[in-house]
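Here's the structure we're looking at; comments come further down.
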Amino acid sequence: MRVVKKPIEAVAIQWKGADSKQDLIDFCGSEEMFEKWFCYEGEELYIDSLEGRQIVVKNAFIVRGNYGEYWSIKEPMFRNNYTILPDEDETENYNNFQDRKFEPR
Numbered sequence: 005m006r007v008v009k010k011p012i013e014a015v016a017i018q019w020k021g022a023d024s025k026q027d028l029i030d031f032c033g034s035e036e037m038f039e040k041w042f043c044y045e046g047e048e049l050y051i052d053s054l055e056g057r058q059i060v061v062k063n064a065f066i067v068r069g070n071y072g073e074y075w076s077i078k079e080p081m082f083r084n085n086y087t088i089l090p091d092e093d094e095t096e097n098y099n100n101f102q103d104r105k106f107e108p109r
């Protein structure tokens with residue numbers, strides 16, 4: 005069986021390291037949502053994704069899916085598989101996932 009994955013628009017942010025933590029909190033919509041999905045072990049950032057705990061390496065992209073879930077994609081893979089769309093005001097989209105039913109594992 006041959007299949008084609010449906011294109012789904014999502015939002016993403018590039019992780020630049022601990023100095024960009026506030027940008028990631030803003031991306032999540034609140035500190036509460038950040039703490040729900042992300043944690044530090046030492047100086048390493050992790051996402052509690054729907055598929056289990058996942059490390060976020062520096063310069064990886066953090067993507068938020070249509071159900072409010074997060075995952076990390078290393079920069080080369082991201083650039084090969086995603087097209088960055090023209091900017092628009094995304095701030096209104098940051099906070100509309102907090103009432104979704106999905107929870108981190």
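First residue of the sequence shown? That's 5 in our numbering, and the numbers climb one at a time after it.
Every residue, glycine too, gets a C-beta built ideally from N, C-alpha and C.
Residue i classed as buried or exposed, judged by whether at least 16 other C-beta atoms fall within 10 angstroms
i     : result
Val60 : buried
Asp23 : exposed
Gly56 : exposed
Cβ-based neighbour list, residue i, same chain, cut-off 6 Å, excluding 5 preceding and 5 following
i     : result
Asp91 : none
Cys32 : Phe38
Gln18 : Phe65
For residue j and residue i, believed in contact at Cβ under 8 Å, the rounded distance
i     : j     : result
Gln58 : Trp75 : 7 Å
Contacts around residue i, its chain only, beta-carbon distance under 7 Å, and the 5 residues preceding and following it disregarded
i     : result
Ile12 : Asn70
Phe82 : Phe65
Element boundaries [alpha helix (DSSP H), containing residue i]
i    : result
Arg6 : That residue, Arg6, is in no alpha helix (DSSP H); it is neither H nor E in DSSP.
Cβ shell of residue i (< 8 Å), same chain only, five flanking positions each side left out
i     : result
Lys10 : none
Per DSSP, cross-strand counterpart(s) of residue i
i     : result
Ile77 : Phe65
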